[in-house]
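S.K.: No gaps in the numbering here: position 26 of the sequence shown is 31 in this note's numbering, and each next residue is one more. In this text, a Cβ means the ideal position worked out from N, Cα and C, and glycines have one as well. Can you keep this structure in mind? I'll have questions shortly.
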Amino acid sequence: MAPILYGDKFAKSMNKLCKPANIKKTAEKFKALEKAEGPYSFGKFAKSILPKQADWGGNGPFKAWDNEVKGIPLALRNQLTEVIRTNLNSRRPLAMVLSVGDNVEPKHALSIKRFSYRGTRYIGMLMLCPLEPPR
6 MAPILYGDKF AKSMNKLCKP ANIKKTAEKF KALEKAEGPY SFGKFAKSIL
56 PKQADWGGNG PFKAWDNEVK GIPLALRNQL TEVIRTNLNS RRPLAMVLSV
106 GDNVEPKHAL SIKRFSYRGT RYIGMLMLCP LEPPR
């Protein structure tokens, strides 16, 4: 089943926070959240970083977030945790780009790559979610 939270609005909102012009401010907010709430694990701070339901594409995705995160295999959540936490806690965090789409297989898949674009280094994360076949 494809998660309801993964839409263009959520990814665009996260990408706006993690673009080169905003990544330092986002990293500062992340560090403050870790100090106040303990170590980060994937999904833990999403509602604090994006508190407006409009940034998620509405009320449904915002409310469903915690359950949807649990549906992602632990190994992939751990990978995301490590990459995001290490980057945002670094002295010079790289901009990050999130892309979420449907997987043609009935499972989650994750690809994480570092790349350069127009002289700026990024971390790209592609999350593919199980696609529910048409009936």
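1) In terms of alpha-carbon separation, which member of Asp60, Ile28, Asn72, Lys29 lies closest to Lys49?
2) To which residues does DSSP link Arg126 through a beta bridge?
3) Quick check: the Cα distance between Pro25 and Ser104, rounded to an integer number of angstroms?
4) By DSSP, does Asn92 sit in helix, in strand, or in coil?
5) Please tell me whether Asp107 and Leu133 are closer than 8 angstroms, where the distance is taken between their beta carbons.
M.R.: Considering the structure as presented:
1) Position 44 of the sequence shown holds residue 49. Per the C-alpha coordinates, the member of Asp60, Ile28, Asn72, Lys29 positioned closest to Lys49 is Asn72.
2) Against the sequence shown, residue 126 aligns to sequence position 121. DSSP lists Ser121 as partners of Arg126.
3) Against the sequence shown, residue 25 aligns to sequence position 20. Against the sequence shown, residue 104 aligns to sequence position 99. For Pro25 and Ser104, the distance between alpha carbons rounds to 16 angstroms.
4) Numbered from its first residue, the sequence shown carries residue 92 at position 87. Correct three-state label for Asn92: helix.
5) Along the sequence shown, one-based indexing puts residue 107 at 102. Along the sequence shown, one-based indexing puts residue 133 at 128. At the C-beta level, Asp107 and Leu133 come within 8 angstroms of one another.
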